[in-house]
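Student: One point on numbering: in the working numbering, the residue at position 99 of the sequence shown is 100, and numbering is uninterrupted. Virtual Cβ for every residue (Gly too), placed ideally from N, Cα, C. On a predicted model such as this, the values are computed, not experimentally measured, just so you know.
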Amino acid sequence: GSTQFLIEMSAGAGKIIGDTFEEIAEILSKIKKQLTKNKIEIGVCYDTAHAFESGYDIRTQQAVKKTFDQFDKIIGLKKLKLIHANDSKTDLGSHIDRHEHIGYGKIGLEGFRALIHEPRLKKMNLVLETPADGKRINDVKTLKKLRQH
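Rendered as structure tokens:
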């Protein structure tokens, strides 16, 4: 089929791999030979809450730039195919996976404004993974409003 397999960053809770850019890059490197042989390309899904909970700050414009500079250096932005957008109920580097509605968590509105306005991510699709409690429509409205400013 035409569906592309993506590796999603984890929050690093428990005995998990894939919560650092280095681990994602190593996974991609280890399977590269097999993928090339079968003409398969694997991309990366950057989950805002998971990455934040793993210690990658995106609360400000400067932090977003630094984090995606680091991502590009270690993994390569060409591998980034999708962003799961959700705020985090827990602190930076907490390694506890708890999604929150946009602007109501520890990343905050400024972080999402910076993410949306990062030039390298301008054409990147964002998929909401905020809590399924009937308030996601507000998250969509919030992101659209941030995009305008």
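1. Is the distance from the Cβ of Val128 to the Cβ of His100 below 8 Å?
2. So, Phe69 versus Arg121, is the Cβ gap smaller than 8 Å?
3. I'd like to check one pair, Gly44 with Lys82: are the Cβ atoms closer than 8 Å?
4. Inspect the beta-carbon positions of Glu9 and Asp48 and report whether they are closer than 8 Å.
5. Taking the alpha-carbon positions, what's the Arg114 to Asp88 distance?
6. Going straight from the alpha carbon of Gln5 to that of Ile28, what length do you get?
Tutor: Reading from the atomic positions:
1. Counting from one through the sequence shown, the residue named residue 128 turns up at place 127. Counting from one through the sequence shown, the residue named residue 100 turns up at place 99. Taking 8 Å as the Cβ cut-off, Val128 and His100 do not qualify as a contacting pair.
2. Residue mapping note: residue 69 aligns to position 68 of the sequence shown, counting from 1. Residue mapping note: residue 121 aligns to position 120 of the sequence shown, counting from 1. For Phe69 and Arg121, yes; Cβs fall inside 8 Å.
3. The residue you call residue 82 lines up with position 81 of the sequence shown. The residue you call residue 44 lines up with position 43 of the sequence shown. Contact: yes.
4. On the sequence shown, residue 9 is found 8 positions in, with the first residue counted as 1. On the sequence shown, residue 48 is found 47 positions in, with the first residue counted as 1. Contact flag set, yes.
5. For the purposes of this step, residue 114 is taken as the residue at position 113 of the sequence shown. For the purposes of this step, residue 88 is taken as the residue at position 87 of the sequence shown. For Arg114 and Asp88, the distance between alpha carbons rounds to 12 Å.
6. Looking up residue 5 in the sequence shown gives position 4. Looking up residue 28 in the sequence shown gives position 27. Rounded to the nearest angstrom, the two C-alpha atoms are 16 Å apart.
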